[in-house]
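Numbering (this note's numbering), first residue to last: 128 to 379.
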């Protein structure tokens with residue numbers, strides 16, 4: 128703890144990593160407090176990265192601060208983290224960042240690319256709210272169009288859930304879930320897993336993709352279905368093993 132008083136960011140980072148590795152009691156609160164108070168961008172990033180590993184309430188709440196951080200890399204990273212969690216409360220700050228942090232092209236790119244993982248109605252409501260409130264006047268309607276187009280671009284999710292789509296393409300869309308966790312359609316995806324008319328190959332691929340939903344707010348629902356599948360003796364050993372792997376990856 129004494130090393131955290133060092134005037135050097137590298138020494139503080141060293142201290143934080145070692146406190147985390149040695150299971151220091153209260154490490155989550157310490158990381159959050161340090162993120163909120165540190166003048167060093169790299170110390171703040173270390174706090175954010177370690178909080179992501181913990182994945183608790185402090186991590187989810189500190190993202191609201193991270194998206195307005197003075198360091199562009201932290202802002203950009205926080206957008207990705209928000210999309211991995213998937214809570215609709217993160218939509219408004221992302222839309223606001225897209226509109227008002229408009230010199231940060233990579234932040235804007237990350238926002239527009241990941242809006243599809245959130246609830247479509249929540250995204251549209253956030254777009255309307257930000258556009259009504261913002262001080263930005265230049266290119267306002269152009270930005271609205273880009274955001275609305277990104278929000279409405281959900282064809283992959285619809286194609287994945289449709290039995291009319293060829294299995295080859297459905298498997299391809301399953302793999303895309305590893306990068307863009309479609310929290311908004313988890314109910315449909317879980318129904319697919321328990322549908323006896325769906326192929327084992329597709330279900331196995333989807334279970335593998337669900338293993339990447341480590342920070343998703345829908346994780347408890349995914350765990351419940353995986354637990355059900357891994358215990359179902361009527362299913363093939365291969366499918367039960369994949370459900371087991373996903374279950375323990377998410378649980379641990």
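Cβ coordinates follow ideal geometry from the N, Cα and C atoms, glycine included.
query                                                                                                                    : result
Given residue 181 as reference, the closest of 165, 190, 147 once Cα atoms are compared                                  : 147
Whole-angstrom C-beta distance between residue 329 and residue 357, which should lie under 8 Å                           : No, residue 357 and residue 329 are not in contact; Cβ-Cβ is about 18 Å, not under 8 Å.
Cβ separation of residue 97 and residue 250, assumed to be a contact under 8 Å, to the nearest whole Å                   : Residue 97 lies beyond the stretch modelled for the chain, which goes from 128 to 379, so this question has no answer here.
Cβ contact (3+ pairs, closer than 8 Å) linking the stretch 193-202 and the stretch 230-237                               : yes
DSSP three-state assignment for residue 212, whether helix, strand or coil                                               : helix
DSSP state of residue 305 mapped onto helix, strand, coil                                                                : coil
Nearest residue (CA-CA) to residue 334, options 325, 353, 145                                                            : 353
Where the alpha helix (DSSP H) containing residue 281 begins and where it ends                                           : Note, residue 281: premise wrong, no alpha helix (DSSP H); not H, not E.
Inside the stretch 294-353 only - beta strand (DSSP E) runs reaching at least 3 residues                                 : none
Given residue 159 as reference, the closest of 192, 142, 260 once Cα atoms are compared                                  : 192
Nearest-angstrom Cα separation, counted from residue 337 out to residue 316                                              : 9 Å
Exposure label - residue 153; buried when at least 16 CB within 10 Å                                                     : exposed
Contact check, residue 139 vs residue 170, beta carbons under 8 Å                                                        : yes
Three CB pairs or more closer than 8 Å across the stretch 219-231 and the stretch 247-261                                : yes
Sub-8 Å separation of residue 346 and residue 299 beta-carbons                                                           : no
Cβ-Cβ distance between residue 143 and residue 162 below 8 Å                                                             : no
Endpoints, the alpha helix (DSSP H) within which residue 149 is located                                                  : Counting along the chain, residue 149 falls outside any alpha helix (DSSP H), and DSSP gives it neither H nor E.
Cβ-Cβ distance between residue 312 and residue 355 below 8 Å                                                             : no
Proximity winner among 339, 332, 363, 203, relative to residue 375 (alpha-carbon distances)                              : 339
Simplified DSSP assignment, three categories, for residue 154                                                            : helix
Beta-carbon spacing of residue 227, residue 261 below 8 Å                                                                : yes
Cα-Cα separation, residue 321 to residue 351                                                                             : 12 Å
With 16 other Cβ atoms within 10 Å as the buried cut-off, status of residue 264                                          : exposed
Cα-Cα separation, residue 151 to residue 268                                                                             : 50 Å
Cutoff 8 Å; reference residue 341; Cβ partners in own chain excluding five residues on either side                       : 182, 211, 376, 377
Nonlocal neighbours in the same chain, by C-beta distance under 6 Å from residue 367, ignoring five residues either side : 357
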